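Residue numbers (the UniProt record's numbering): 1 to 562.
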């Protein structure tokens, strides 16, 4: 194609390559990072309002408690995801069975659900909320445990996707050679394969921790259905249970005259939102830095070998039980609670406005599509630099900056964006642009992290040989690097697309004039039209299932599973 030929020719010019990389960095800083953390700078500009909140002992107790809940839940969820995600990724990459492609696609479906709808579905499955017609199991009544179960549904696909993308690049020949030399499969995997996908484990850990930490809509809806954080009466009246993002959503609701009868004072709202948003950003960055250091410093013991123990875990019923447990975990803990709200389709249903539904789906696909294309174009050069220059100072800075939007609660992200771009709001097309920028902020790191994890596992000698043989940089990238990391690019694109498609909190915080499909379904949920919300979710899931399956089929025909 003429365009690719033109790009290939220009890539040979070092000044052009530097200009493109500089543009990508400027976009990262100016369009993504600064608006996302603007609330931290606003903390100092509005210190008087924040100081009033710090002087209120009740507010400081609630804020500190919500932060403790958020970080402890994120940590527990991430540990569970690692323990079960490693064998699940192994099954999806190294095992062959009928229906594997459908199961692979089905695993992505929780990412497509509007977060509030998923929160309702999980509570309906595990609990027995008052006023719900469909009976649940009624075995989980603790909000802390319920939110852990909910966040596992959100985060588990991120861990499996990240590990699978790296595992696909590791040739099984190393394990086969080790087993040929009398090593058990357990020993071969422990000493050869696991150390090779440490980067994938780091990527999955960061994504899972950040996804749990930033979850807003589903958490807020779940605890309300359990009888906490009621909007009836005055502010903080009745039993409460907050995570940091849920507290942000609660405060914003008490500033909305359409939702409550007794509004929170404006100064209290602004001060509390700025304080908790800034604290979450700073603490999350510190925590993620610690997590990354621990994961990269952690080394699986490879020098010692326990032959008898390894053979025991590699033969007989143990591997089968491991696989069965992983599949059961996926089915019972992730998929069944996700789709439980579909049982509402059996209930009487009012007429659905298909025009509004299809329009909202079209808007959602437009926003997600633009965000993913943007992420690929401008995220790839940054990912390549981080992977190849990780030990350089600027590489470390970029690596840290990319993680920033990941850990910001989407409601806080929308609030920060509204503060930064506030003077530009005028409704219409401009509001749509602001929503797209917001979605780019939290999807951009998903693409970059997956590409970084893949490129770090590849010997740069492949590219150096191609360049030595006369290939131009762009040609080397498309002909040598892309075929190897294609699965990671697709994994990042699917994660970014589904993340954008199911987002509620950021869109609501930015503007009320852009009606994406999660917002449309949320409006139905707010009116207690659960049957209609379930039916609309089914339509959304069906469209996404067909779309993602189509992508995987196209990729598999190219010789590699997506």
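For glycine and all other residues, C-beta sits at the position ideal for the given N, C-alpha and C.
On a predicted model such as this, the values are computed, not experimentally measured, just so you know.
Residue from the options with nearest C-alpha to residue i
i: residue 58; options: 161, 240 and 150; result: 240
i: residue 447; options: 379, 15, 76 and 481; result: 379
i: residue 70; options: 14, 245 and 178; result: 245
i: residue 179; options: 193, 258, 323 and 168; result: 193
i: residue 284; options: 112, 352, 321 and 214; result: 214
i: residue 218; options: 232, 281, 197 and 124; result: 124
i: residue 454; options: 146, 546, 163 and 255; result: 163
i: residue 165; options: 148, 88 and 119; result: 88
i: residue 483; options: 497, 451 and 504; result: 451
i: residue 35; options: 441, 341 and 536; result: 441
i: residue 571; options: 19, 242 and 344; result: What the structure shows of the chain is the stretch from 1 to 562, and residue 571 is not part of that stretch, so it cannot be assessed.
i: residue 103; options: 161, 293 and 141; result: 161
i: residue 257; options: 9, 196, 279 and 233; result: 233
i: residue 567; options: 323, 157 and 343; result: The requested residue 567 is not part of the displayed model; the chain covers only 1 to 562.
i: residue 226; options: 208, 251 and 140; result: 140
i: residue 169; options: 465, 323, 459 and 206; result: 459
i: residue 174; options: 153, 154 and 196; result: 196
i: residue 401; options: 444, 252 and 55; result: 444
i: residue 502; options: 486, 536 and 530; result: 536
Residue burial classification, residue i (beta-carbon count within 10 angstroms, cutoff 16)
i: residue 332; result: exposed
i: residue 468; result: exposed
i: residue 320; result: exposed
i: residue 533; result: buried
i: residue 138; result: exposed
i: residue 6; result: exposed
i: residue 508; result: buried
i: residue 435; result: buried
i: residue 159; result: buried
i: residue 177; result: exposed
i: residue 562; result: Caution applies to residue 562, whose pLDDT of 40 falls short of 50 and renders its modelled position unreliable; the model cannot decide the point.
Euclidean distance between Cα positions of residue i and residue j
i: residue 326; j: residue 62; result: 37 Å
i: residue 200; j: residue 151; result: 20 Å
i: residue 336; j: residue 109; result: 12 Å
i: residue 167; j: residue 457; result: 10 Å
i: residue 463; j: residue 480; result: 7 Å
i: residue 521; j: residue 355; result: 14 Å
i: residue 281; j: residue 433; result: 24 Å
i: residue 26; j: residue 3; result: 24 Å
i: residue 376; j: residue 493; result: 8 Å
i: residue 512; j: residue 212; result: 25 Å
i: residue 499; j: residue 542; result: 16 Å
i: residue 386; j: residue 94; result: 29 Å
i: residue 403; j: residue 351; result: 44 Å
i: residue 426; j: residue 12; result: Any answer about residue 426 is weak, because its pLDDT of 48 lies below 50 and its placement is not dependable; what the coordinates show is given next. Residue 426 and residue 12: Cα-Cα distance of roughly 43 Å.
i: residue 127; j: residue 120; result: 10 Å
i: residue 38; j: residue 17; result: 30 Å
i: residue 397; j: residue 391; result: 10 Å
i: residue 238; j: residue 66; result: 16 Å
Do the stretch 251 to 265 and the stretch 28 to 38 touch if we need at least three Cβ pairs shorter than 8 Å? no
Alpha helix (DSSP H) runs wholly inside the stretch 352 to 398, at least 4 long, in chain order: 354 to 388
Within the chosen definition, does the stretch 68 to 87 reach the stretch 170 to 188 through at least 3 CB pairs nearer than 8 Å? no
Pick out the complete beta strand (DSSP E) segments inside the stretch 146 to 232, 3 residues or longer, and give them in chain order. none
Segment contact flag, the stretch 108 to 118 with the stretch 507 to 519, C-beta cutoff 8 Å, min 3 pairs: yes
Does the stretch 524 to 534 touch the stretch 474 to 485, meaning 3 or more C-beta pairs lie closer than 8 Å? no
Quick check: the stretch 270 to 279 against the stretch 34 to 50, are there 3 or more CB pairs under 8 Å? yes
Contiguous beta strand (DSSP E) assignments of at least 3 residues, all confined to the stretch 63 to 139: none
Can you check the stretch 231 to 276 for any beta strand (DSSP E) of at least 3 residues that lies completely inside it and give the ranges in chain order? none
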